[in-house]
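**Q** Counting in this note's numbering, the final residue of the sequence shown is number 341, and the numbers go up one at a time with none missing.
Sending over a structure as structure tokens; questions will come in a sec.
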Amino acid sequence: ISPLHTTEGYIKLAGQLLDMGAESIALKDMAALLQPQPAYDIVKGIKDTYGDVQVNVHCHSTTGVTLVSLMKAIEAGADVVDTAISSMSLGPGHNPTESLVAMLEGTGYTTELDMDRLLRIRDHFAKVRPKYAQFESATLVDTDIFSSQIPGGMLSNMESQLKAQGAGDRIKEVMEEVPLVKAAAGHPPLVTPSSQIVGTQAVFNVLMGKYKVLTGEFADLMLGYYGECIGERDPEVIAIAHNQTKKEPIADRPADHLEPEWDKLVAEASALDGADGSAEDVLTYAMFPSVAPGFFASRADGPKNVGKTPEQMAKAAESAKDAAGAVKGPISYTVTLGGREHSVTVERA
């Protein structure tokens, strides 16, 4: 959402994609910004303009409004909407499946989903989810997202970055910085990879000072090496990127500036322990050169379980219980300020 992103613009973009050969159109609202009426207007506009093209709507739930947006999109003719089973839903994730199924009862729209089966699925994942609690976002409903426009995956990633730097308490500052960085970069869409590029630069700006340090990826984004954005880039930040990288800004197709690398990547990937020589392995290595070697070498061991075992969960629960019960009553301290002693008593609210 920006002054440059309009209902008419999205409808026009859908036509451009169809002209290029797209067989369906997906509206991806990873930050939960798609409000009900725009959802209706965009879907109806695409359907009215281009006929019976399949339209998918993908909304996260962080702002609390998008379950209604999905309903309005369905009324406008959407063919597919994305949800998650309720025990794995909400927060920066998706809206609950069962809720939407119930909302559609008596409306003339049907999912033909069996609610009893959905409830069994819900109960299964209610037991699975606690194993991965360490990866959960602390965000439930956050209406600040309407201004920061941060998608769910980007939000949890920034929280992890800040915690790793001992600055988890500065997430609000970063959320305020993100729309400023996004505007300086010409309003790129906050989807992978540009979401992580913008988010990481916002973290750097908060922790190190405004554009004191640019990530290599953000510098390339500013210089045009990720392609054109819908808006204009900040010339001052472009100059900083140029001075840091010594690269010239470009306005043509970024791929035209790349040297052919396939044969080199095939040779390098094939030499790694555990690589099978497939095109998939070469692409994995090309995209994740630091991660691929370890992945290839260990994948024969089978999938890794990064969640906690039942024993670990029980131990963590016991530790939390002990910590919660550690302070039973008021605690008195003697604090010295300016050479004078003060008696301070602290007790739980």
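Glycine included, each C-beta is placed from N, C-alpha and C at the ideal position.
Kindly indicate the opening and closing residues of the alpha helix (DSSP H) around L19.
**A** Per DSSP, L19 belongs to no alpha helix (DSSP H); it is in the beta strand (DSSP E), S16 to D21.
**Q** What does the alpha-carbon distance come out to for the pair A76 and G56?
**A** Distance between the alpha carbons of A76 and G56 is about 15 Å.
**Q** Going by Cα to Cα distance, which pick from H86, G69 and V47 is closest to L25?
**A** Looking only at H86, G69 and V47, the smallest Cα-Cα distance to L25 is reached by H86.
**Q** Of all the options Q153, L111, R114 and A289, which has the alpha carbon lying nearest to the alpha carbon of F127?
**A** Q153
**Q** Grab the span of the beta strand (DSSP E) containing V170 for me, first residue to last.
**A** It is not in any beta strand (DSSP E) - V170 instead sits in the alpha helix (DSSP H) that spans I163 to A176.
**Q** Nearest-angstrom Cα distance between I113 and G299?
**A** 19 Å
**Q** Hey, out of K239, K204, T192 and L10, whose CA is closest to L215's CA?
**A** K239
**Q** In the DSSP assignment, find the unbroken beta strand (DSSP E) run with N48 in it and report its ends.
**A** Q46 to C51
**Q** Can you tell me whether DSSP reads H249 as helix, strand or coil?
**A** helix
**Q** Among M63, G69, A18 and D11, which one has its Cα closest to the Cα of T89?
**A** M63
**Q** According to DSSP, is P227 helix, strand or coil?
**A** Three-state DSSP puts P227 in a helix.
**Q** Take L82 as the anchor and find which of A65, F138 and A23 has the nearest alpha-carbon.
**A** Looking at the Cα atoms, A23 is the closest of the given residues.
**Q** Considering just the uninterrupted stretch of the alpha helix (DSSP H) at K64, what are its terminal residues?
**A** Unbroken alpha helix (DSSP H) run through K64: T58 to E67.
**Q** So the candidates are L92, K174 and P252; which of them puts its Cα closest to the Cα of S139?
**A** K174
**Q** Taking only three categories from DSSP, how would you classify H179?
**A** In the structure shown, H179 sits in coil (DSSP, three-state: anything other than H, G, I, E or B).
**Q** In whole angstroms, give me the CA-to-CA distance for H116 and R109.
**A** 11 Å
**Q** Out of curiosity, what's the CA-to-CA distance linking G98 and A243?
**A** 53 Å
**Q** Determine, using beta carbons only, whether N149 comes closer than 8 Å to chain E.
**A** Chain labels in this structure do not include chain E; a single protein chain is all it has.
**Q** Where do the ends of the alpha helix (DSSP H) carrying E209 lie?
**A** G208 to L215
**Q** Mind checking whether H179 and I222 have CB atoms under 8 Å apart?
**A** When the beta-carbon positions are compared, H179 and I222 come within less than 8 Å of each other.
**Q** Name the DSSP bridge partner or partners of P88?
**A** A76
**Q** Just the Cα atoms here: how many angstroms apart are V133 and L147?
**A** The straight-line gap separating the alpha-carbon atoms of V133 and L147 is approximately 13 Å.
**Q** Where does S311 fall in DSSP's three states?
**A** helix
**Q** Closest by CA to P28, which one among I66, V183, D40 and I3?
**A** I66
**Q** Can you grab the Cα-Cα spacing for the pair Y2 / I34, in whole Å?
**A** 7 Å
**Q** Closer than 6 Å by C-beta to A370: which residues in its own chain qualify, once you throw out the five before and the five after it? Chain order, please.
**A** Given that the chain is displayed from residue -7 to residue 341, the structure contains no residue 370 and the question cannot be resolved.
**Q** In angstroms with no decimal places, state the Cα-to-Cα distance between P84 and G145.
**A** 7 Å
**Q** Should V72 be labelled buried (16 or more other beta-carbon atoms within 10 Å of its own) or exposed?
**A** exposed
**Q** Check whether the Cβ atoms of A194 and V166 sit closer than 8 Å, and answer yes or no.
**A** yes
**Q** Would you report the Cα separation of P122 and M305, rounded to the nearest angstrom?
**A** Distance between the alpha carbons of P122 and M305: 8 Å.
**Q** Exposed or buried, L225, counting other C-beta atoms within 10 Å across all chains shown (16 or more means buried)?
**A** The sequence given here places Arg at residue 225; Leu does not occur at that position. That one is buried.
**Q** Are at least three pairs of beta-carbons, each pair with one atom in the segment 192 to 210 and one in the segment 245 to 262, less than 8 Å apart?
**A** no
**Q** Quick check on this structure: which residue in L59, D11 and A278 has the alpha carbon closest to the alpha carbon of Y42?
**A** D11
**Q** By the three-class DSSP mapping on this structure, what secondary structure does Q153 have?
**A** helix
**Q** What number of angstroms, rounded off, separates the C-alpha of T102 from the C-alpha of V170?
**A** Across the structure, T102 and V170 are spaced so that their CA atoms are roughly 39 Å apart.
**Q** Report, in whole angstroms, the separation of the C-beta atoms of N48 and S16, which I expect to be a contact under 8 Å.
**A** At roughly 6 Å, the Cβ-Cβ gap stays under 8 Å, so N48 and S16 are in contact.
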